[in-house]
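Numbering (our numbering), first residue to last: 2 to 221. We put the beta carbon where it would ideally sit given N, CA and C, even for glycine.
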Ligand code: SF4
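Here it is in structure tokens:
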């Protein structure tokens, strides 16, 4: 594992490579981001962004969504996949916001993760991007990138979140997630494009690839 200082330097380097890293979901407030993030499960941000304008027009807040008829809601979100489960989560989430929080999205991890369809990753996305509370969402990209570089060492998202949060100041948590997500989508894909990577000198995976190549060459 890298030191906290090295981890910070790596995130700063990645943020220079991806200077506009941010969630790619379109939203205007915490409620919209919460809805969009729930819809993004097993889907893509692009697909979600196609359905949310009509969805937010029909259901502009938790009070409206809490009263939604599933038969009316489901066609609007059908293309994001798993639409029955998602419509159940969305209506349940909105009803609980109305019942427990007067329709507002709470700026609190425990309260957020009590909402239907909201796990730690979704809560961190909303906290960090729309509520001004530091959060470090760990998705499959963050898992892959952080483990390859060697700034985390687990396939458990909660453990990786703990490791990264422990190494970084709070004001870098959301940035650390955003830059690794973008890096994982554009450069450090399942088949990585290491020649385009700004942190390859610090990357354990890149080093192990080159060590393996050197051994093969020496044996020839
Ligand atoms: S050097 Fe390669 S494996 Fe390492 S972070 Fe960059 S793209 Fe990923």
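Item                                                                                                                                                                        : Value
Does DSSP classify residue 94 as helix, strand or coil?                                                                                                                     : helix
Taking 7 Å as the limit between beta carbons, can you name the residues of its chain near residue 25, skipping five residues before and five after?                         : 46
DSSP three-state label for residue 290, please.                                                                                                                             : Beyond the ends of the chain as shown, which are 2 and 221, falls residue 290; an answer cannot be given.
Residue 61 and residue 94 - do their beta-carbons sit closer together than 8 Å?                                                                                             : no
Relative to the C-alpha of residue 135, which candidate in 142, 141 and 127 has its C-alpha closest?                                                                        : 127
Give the straight-line distance between the Cα atoms of residue 28 and residue 132, rounded to the nearest whole angstrom.                                                  : 13 Å
Can you tell me where the alpha helix (DSSP H) holding residue 206 begins and where it ends?                                                                                : 205 to 220
Just confirm the distance between the C-beta atoms of residue 161 and residue 146, as a whole number of angstroms; I'd bet it's less than 8 Å.                              : Rounded, the Cβ-Cβ distance is 10 Å, inconsistent with contact.
Looking at residue 17 and residue 199, is the spacing between their C-beta atoms short of 8 Å?                                                                              : yes
Report the option in 137, 103 and 125 whose CA atom is closest to the CA atom of residue 111.                                                                               : 125
Do residue 151 and residue 58 have their CB atoms nearer than 8 Å?                                                                                                          : no
Just the Cα atoms here: how many angstroms apart are residue 85 and residue 105?                                                                                            : 24 Å
May I have all residues whose beta carbon comes closer than 7 Å to any heavy atom of the ligand SF4, sorted in chain order?                                                 : 146, 149, 150, 184, 188, 189, 193, 194, 195, 198, 200, 201, 204, 206 and 207
I'd like the list of long-range same chain contacts for residue 130, defined as Cβ closer than 7 Å, with 5 residues on each side in sequence excluded.                      : 24, 34 and 175
So, using beta-carbon positions, are residue 7 and residue 40 closer together than 8 Å?                                                                                     : no
Classify residue 35 as helix, strand or coil using the three-state DSSP reduction.                                                                                          : helix
For residue 194, collect the residues of the same chain with a Cβ closer than 7 Å to its Cβ; drop the 5 residues on either side in sequence, then sort them by chain order. : 188
Could you tell me how far apart the beta carbons of residue 137 and residue 177 are, in whole angstroms, since I believe they sit closer than 8 Å?                          : 6 Å
So the alpha helix (DSSP H) residue 182 belongs to, where does it begin and stop?                                                                                           : 174 to 187
Can you tell me whether residue 154 is buried or exposed, with buried defined as 16 or more other CB within 10 angstroms of its CB?                                         : exposed
Since residue 147 is in the alpha helix (DSSP H), which residue starts that stretch and which ends it?                                                                      : 141 to 150
CB-CB under 7 Å to residue 66, same chain, minus the five flanking residues each way: which ones, in chain order?                                                           : 60, 91, 92 and 95
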